[in-house]
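A.B. asks:
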Amino acid sequence: MVVSPVATVWPGHSYPLGAVYDGAGTNFAVFSEVAERVELCLIDGRDTTETRIALEEVDGYVWHAYLPGVEPGQHYGFRVHGPFDPSAGQRCDASKLLLDPYGKAFHGDFDFGPALFSYDLNDPDGPAAGGPPPALDSLGHTMTSVVINPFFDWAADRAPRTPYHETIIYEAHVKGMTQTHPGVPEELRGTYAGLAHPAIIDHLKSLNVTAIELMPVHQFLHDHRLRQLGLRNYWGYNTVGFFAPHNSYAASRQAGGAVAEFKAMVRTFHQAGIEVILDVVYNHTAEGNQLGPTINFRGIDNAAYYRLSDDDPRCYTDYTGTGNSLNARHPHTLQLIMDSLRYWVTEMHVDGFRFDLASTLARELHDVDRLSAFFDLVQQDPVVSQVKLIAEPWDVGEGGYQVGNFPGLWTEWNGKYRDTVRDYWRGVPETLGEFASRLTGSSDLYEATGRRPGASINFVTCHDGFTLADLVSYNEKHNEANGEDNRDGESYNRSWNCGVEGPTDDAAVLALRAHQVRNIMATLLISQGTPMIAHGDELGRTQHGNNNVYCQDSELSWMDWSLVDKNADLLAFTRALTALRAGHPVFRRRRFFEGRPIRGGDEVRDIAWLTPAGHEMTRQDWDSEFGRCVMVFLNGEALPEPDARGRRIVDDSFLLCFNAGETPVDFITPASDYAQGWRAVIDTADPAGRSDLEVFAGDAVPVTARSLTILCKSR
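Anchor point for the sequence shown: position 452 equals 452 in the UniProt record's numbering, and the numbering is continuous, going up by one each time.
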């Protein structure tokens, strides 16, 4: 239903795009190069009736108007009149009420009925090569955009700005982290307010976490296919709005209330000294392939926002495995990405971003290009360039695996670290040289581009794959609940020699699994670089062998907080490790090891690699079969960097005794040139990592099979 237009419409401004309330009215602006006519639609609170206003002003393909008196809470959308010719890549359809690409908040839901699609759903070929689309109005079947109140009392909020070498990242899901926590009030569970509750903050602080990396919180939709299966897009890698916090994560039911609640959450984290990093998905949108719904980008300017197939512009180039790829080669799409990033930093006060399938953003023609326009824009941007930028350095296209190849400003999820640490603790002897590189910050990947060890985001598990407890318990995935006949997710895990697949009552097998969990957690937290802990790994969280819970919004994927008591030793062990890392700069150096004396008179280097017999390793030793066992000396007196005041840092020295073999090994501590004596501070053979071992130079340190013992130089 169309009602009479409003009385007053001013020309307004073409920038900023979206809906911007200034205290007296709202400016609306939307880009479309292909449009012939654009209407702003003001929607009533029930999303059933609309007032259409023609946007008469157009500057540089931006259609705009200012409406005095339009206030926060107003629902709205756009209708774009223009060519509908899928064979030419044009998909304008004025029967579709379109979401604002710059919308700061959204209301309602999608029903995935025929009205959302610009073709006859009974046609197996999808959109025809020509002819008009079915004139089914989507008002009442789609979400609506909402004007927000941009004003917020940030009080004395300050970004923690924790340097990478002091950072410990904790990857978490807003709902999964809070849904079952007994200390979080029931009405706040699964929400931004619940995540900021003291019960959650206290847990993170006890782990010495300095940054929480949130899985997608941009507004996303739940796929129609998953809904039909009774599932949901739990992870949220299905964005429809790059400026809006996902509305169902808000305890507030007021339209637009998610914005203030998200800001309050960030302010609370900052008060606790914890940064907020967002996992962002700028590589594709929720509109899917050519058979997907027309929600916003497709109907506004299909060819500008998406990479179309050169052979058939009806279809989309898909580097993401989701049906489409955002067109980061187009200036207005690049502008949208950069405007979104700046908005989340300046208006929402977040501290950084992890870019999902970041290689897709770097594709100019088809290859990944380190000199792409996207990298140029980020490098020169005075806001975005100053926050944490973390790449997932791969996509599913040819040549997409780009670990180590991102520009100097970026850090990267180090997939090679993940694979190497897994292989080492599985007992693969030929990984020793590779393991040494990963343990010391992956200089082979990052030093040539002027980056430091912090550029390596070290992880062994993350949201995508097995939890740490499941990693050592399952050789095969068990994703049957996902409705894809167990075809989805990584196909195998390789043997961990734990004896039994899956759940067991065998005490020996359970002990071995727990031991391997401690080995991996300890390795992660003493490695040079920036460690990332997957939420719940410190508690032994399990997904019962499901390594792809993207569609499981249930107890299978949520944190099980009863494990705090059941696995108290593992939690205490993890806390001891993070405290060790936080307390000793030798585990979080800002610069790579040089392998030689730092000062002229020193005989002992900053790092030394030793055989179990306590002798420096030779080339032959590196290639020998004993490679499952190695001893590493970290010289705390040879730290090359000063502190913030320019004072020389001196730390304790440490001896790391790694035994990935299947039999116990006696490690002989090196000569007194290294230290007169040593005391154990962590022993992964103990459930809580405790040890009272003290030895002198030349003494034996017994290290059980599949164990790591960390010794500190005695004072």
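C-beta: ideal position from N, C-alpha, C; glycine also.
Since this is a predicted model, take the numbers as computed values, not measurements.
Note down the Cα distance separating GLU213 from ASN324, rounded to an integer number of angstroms.
C.D. replies: Within the sequence shown, residue 213 is the residue found at index 213, counting from 1. Within the sequence shown, residue 324 is the residue found at index 324, counting from 1. Cα to Cα, the separation comes out at about 25 Å.
A.B. asks: Going by Cα to Cα distance, which pick from HIS81, VAL421 and GLY441 is closest to THR472?
C.D. replies: Looking up residue 472 in the sequence shown gives position 472. For clarity, residue 472 is Val in the given sequence; the question names Thr instead. Considering only alpha carbons, the answer is VAL421.
A.B. asks: Figure out for me which residue from VAL58, ALA54, GLY69 and TYR61 has the closest Cα to the Cα of ARG79.
C.D. replies: Residue numbering aside, residue 79 sits at position 79 when the sequence shown is read from its first letter. When only C-alpha atoms are compared, the closest one is ALA54.
A.B. asks: Please name the residue in GLN676, PRO150, GLY661 and ASN482 whose C-alpha comes closest to that of ARG706.
C.D. replies: Along the sequence shown, one-based indexing puts residue 706 at 706. Cα-wise, what sits closest to ARG706 is GLY661.
A.B. asks: If I measure Cβ to Cβ from LEU445 and keep anything under 6 Å in the same chain, skipping five residues before and after, which residues do I get?
C.D. replies: One-based indexing of the sequence shown puts residue 445 at position 445. Correct list, in chain order: GLY404.
A.B. asks: Per DSSP, what kind of secondary structure is VAL3 in: helix, strand or coil?
C.D. replies: By one-based count along the sequence shown, residue 3 stands at place 3. Confidence is the limiting factor: at VAL3 the pLDDT is only 39, short of 50, which leaves the residue's position unreliable and the question unanswerable from this model.
A.B. asks: Relative to the C-alpha of LYS388, which residue among ASP223, ASP686 and ARG161 is closest?
C.D. replies: Taking the first residue of the sequence shown as position 1, residue 388 is located at position 388. LYS388 has its Cα closest to that of ARG161, out of ASP223, ASP686 and ARG161.
A.B. asks: So what does DSSP say about HIS246, is it helix, strand or coil?
C.D. replies: The residue you call residue 246 lines up with position 246 of the sequence shown. Coil, per DSSP.
A.B. asks: Does the beta-carbon of SER87 have 16 or more other beta-carbons within 10 angstroms, so that it is buried, or is it exposed?
C.D. replies: Here residue 87 refers to the residue found at position 87 when the sequence shown is read from its first residue. Classification of SER87: exposed, given that the 10 Å Cβ count is below 16.
A.B. asks: Less than 6 Å between C-beta atoms, sequence neighbours within five positions excluded: which residues of the same chain meet that for GLY352?
C.D. replies: Your numbering for residue 352 matches position 352 in the sequence shown. If we look at GLY352 and ignore the five residues flanking it on each side, its Cβ neighbours are ILE277, VAL387 and LYS388.
A.B. asks: Residues in the same chain with beta-carbon distance under 6 Å from ASP100, minus the five sequence neighbours each way, listed in chain order, please.
C.D. replies: Stepping through the sequence shown from its first residue, residue 100 is reached at position 100. Counting only Cβ-Cβ distances below 6 Å, and skipping sequence neighbours, we find GLY18 and SER145.
A.B. asks: Pull up the DSSP beta-bridge partners for GLN90, would you.
C.D. replies: Reading the sequence shown from its first residue, position 90 is the one you call residue 90. BP columns for GLN90 point to ASP85.
A.B. asks: Please go through the same chain and pick out, in chain order, the residues whose beta-carbon is closer than 7 Å to the beta-carbon of GLY600, but skip the five residues on each side of it.
C.D. replies: On the sequence shown, position 600 is the one that residue 600 refers to. Its pLDDT being 45, under 50, GLY600 is placed unreliably by the model, and the measurement read from it follows with that caveat. Within the same chain, GLY600 has no close Cβ partners at all.
A.B. asks: Work out the CA separation of MET521 and SER206 for me, nearest whole Å.
C.D. replies: Working through the sequence shown from its first residue, we reach residue 206 at position 206. Working through the sequence shown from its first residue, we reach residue 521 at position 521. Using only the alpha carbons, I get a separation of about 16 Å.
A.B. asks: Nearest-angstrom Cα distance between TYR424 and THR684?
C.D. replies: Here residue 424 refers to the residue found at position 424 of the sequence shown. Here residue 684 refers to the residue found at position 684 of the sequence shown. Each residue's Cα considered, the two are about 15 Å apart.
A.B. asks: Which word fits HIS615, buried or exposed, when buried means at least 16 other C-beta atoms lie within 10 angstroms of its C-beta?
C.D. replies: In the sequence shown, counting from the first residue as 1, residue 615 sits at position 615. Exposed, by the Cβ-count rule.
A.B. asks: Classify residue 752 as buried or exposed, calling it buried when 16 or more other Cβ atoms lie within 10 Å of its own Cβ.
C.D. replies: Residue 752 is absent from the model: the chain starts at 1 and stops at 715.
A.B. asks: If you run the structure through DSSP and keep just helix, strand and coil, what is ALA29?
C.D. replies: Residue 29 sits at position 29 when you count from the first residue of the sequence shown. Strand at ALA29.
A.B. asks: How about ALA255 and PRO245: do their beta carbons lie closer than 8 Å?
C.D. replies: Position 255 of the sequence shown, counting from 1, holds the residue named residue 255. Position 245 of the sequence shown, counting from 1, holds the residue named residue 245. No, the pair does not count as a contact, with Cβ atoms beyond the cut-off.
A.B. asks: List the endpoints of the continuous beta strand (DSSP E) containing PHE633.
C.D. replies: Within the sequence shown, numbered from 1, the residue matching residue 633 stands at position 633. It spans 629-634 - the beta strand (DSSP E) in which PHE633 sits, taken as one unbroken run.
A.B. asks: Tell me which same chain residues have a C-beta within less than 7 Å of the C-beta of THR574, skipping the five on either side of it?
C.D. replies: For the purposes of this step, residue 574 is taken as the residue at position 574 of the sequence shown. Once the five neighbours on either side are set aside, the close Cβ partners of THR574 are LEU207, MET521 and GLU538.
A.B. asks: Leaving out five residues on either side along the sequence, give the residues of the same chain with a beta carbon under 7 Å from the beta carbon of GLY131.
C.D. replies: Walking along the sequence shown from the start, residue 131 turns up at place 131. So no residue of the chain qualifies.
A.B. asks: Enumerate in chain order the residues of its own chain whose CB-to-CB distance from TYR401 is below 8 Å, with the five nearest sequence positions on each side excluded.
C.D. replies: Position 401 of the sequence shown holds residue 401. Only SER359, PRO393, TRP394 and GLY415 meet the Cβ criterion.
A.B. asks: Whole angstroms are fine: how far does the CA of LEU326 sit from the CA of LEU361?
C.D. replies: Taking the first residue of the sequence shown as position 1, residue 361 is located at position 361. Taking the first residue of the sequence shown as position 1, residue 326 is located at position 326. Distance between the alpha carbons of LEU361 and LEU326 is about 8 Å.
A.B. asks: Any idea what DSSP makes of ARG599, helix, strand or coil?
C.D. replies: Residue numbering aside, residue 599 sits at position 599 when the sequence shown is read from its first letter. Residue placement at ARG599 is flagged as unreliable, the pLDDT there being 44, under the threshold of 50; the coordinate-derived value follows with that caveat. ARG599: coil per DSSP, three-state reduction.
A.B. asks: Within 10 angstroms of the Cβ of ARG647, are there 16 or more other Cβ atoms? Answer buried if so, exposed if not.
C.D. replies: As a position in the sequence shown, residue 647 is number 647, starting the count at 1. Label assigned to ARG647: exposed.
A.B. asks: Give the single residue among GLU501, SER527 and ASP47 whose Cα lies nearest to the Cα of ARG588.
C.D. replies: As a position in the sequence shown, residue 588 is number 588, starting the count at 1. Selected option, being the one with the closest Cα: SER527.
A.B. asks: Report yes if the C-beta distance between GLN676 and ALA697 is below 8 Å; otherwise report no.
C.D. replies: Translated into the one-based positions of the sequence shown, residue 676 becomes position 676. Translated into the one-based positions of the sequence shown, residue 697 becomes position 697. A contact, by the Cβ cut-off of 8 Å.
A.B. asks: On a Cα-Cα basis, can you pick out the residue from SER32, ARG253 and VAL174 that is closest to GLY108?
C.D. replies: In the sequence shown, residue 108 corresponds to position 108, counting from 1. The shortest C-alpha separation from GLY108 is found at ARG253.
A.B. asks: I need the straight-line Cα distance from TYR15 to GLN179, nearest angstrom please.
C.D. replies: Taking the sequence shown and counting its residues from 1, one reaches residue 15 at position 15. Taking the sequence shown and counting its residues from 1, one reaches residue 179 at position 179. Distance between the alpha carbons of TYR15 and GLN179 is about 40 Å.
A.B. asks: For LEU708, I'd like the list of residues in its chain whose CB is within less than 6 Å of its CB, leaving aside the five on either flank, ordered along the chain.
C.D. replies: What you label residue 708 is simply residue 708 of the sequence shown in a count that begins at 1. Excluding residues within five positions, the ones whose Cβ falls inside 6 Å are ASN519, ALA522, PHE658 and THR684.
A.B. asks: Let's test the definition: count the other Cβ atoms within 10 Å of the Cβ of TRP154 and tell me whether it reaches 16, buried, or not, exposed.
C.D. replies: Start at 1 with the first residue of the sequence shown, and residue 154 comes out as number 154. Classification for TRP154: exposed.
A.B. asks: Would you list the one or two residues that DSSP bridges to ARG354?
C.D. replies: Residue numbering aside, residue 354 sits at position 354 when the sequence shown is read from its first letter. Its beta-bridge partners are ASP279 and ILE390.
A.B. asks: Which residues in the same chain have their Cβ closer than 7 Å to the Cβ of ALA551, if we skip the five residues on either side of it in sequence?
C.D. replies: As a position in the sequence shown, residue 551 is number 551, starting the count at 1. The amino acid at residue 551 is misidentified as Ala; the sequence shows Cys. The answer, listed in chain order, is LEU226, LEU231, ARG232, ASN233, TYR234 and ASN482.
A.B. asks: When DSSP builds the beta bridges, which residues end up paired with LYS713?
C.D. replies: What you label residue 713 is simply residue 713 of the sequence shown in a count that begins at 1. In DSSP, LYS713 forms a bridge with TRP678.
A.B. asks: Who pairs with ASP59 in a beta bridge, going by DSSP?
C.D. replies: Taking the sequence shown and counting its residues from 1, one reaches residue 59 at position 59. For ASP59, which the question treats as bridged, DSSP gives the partners VAL62.
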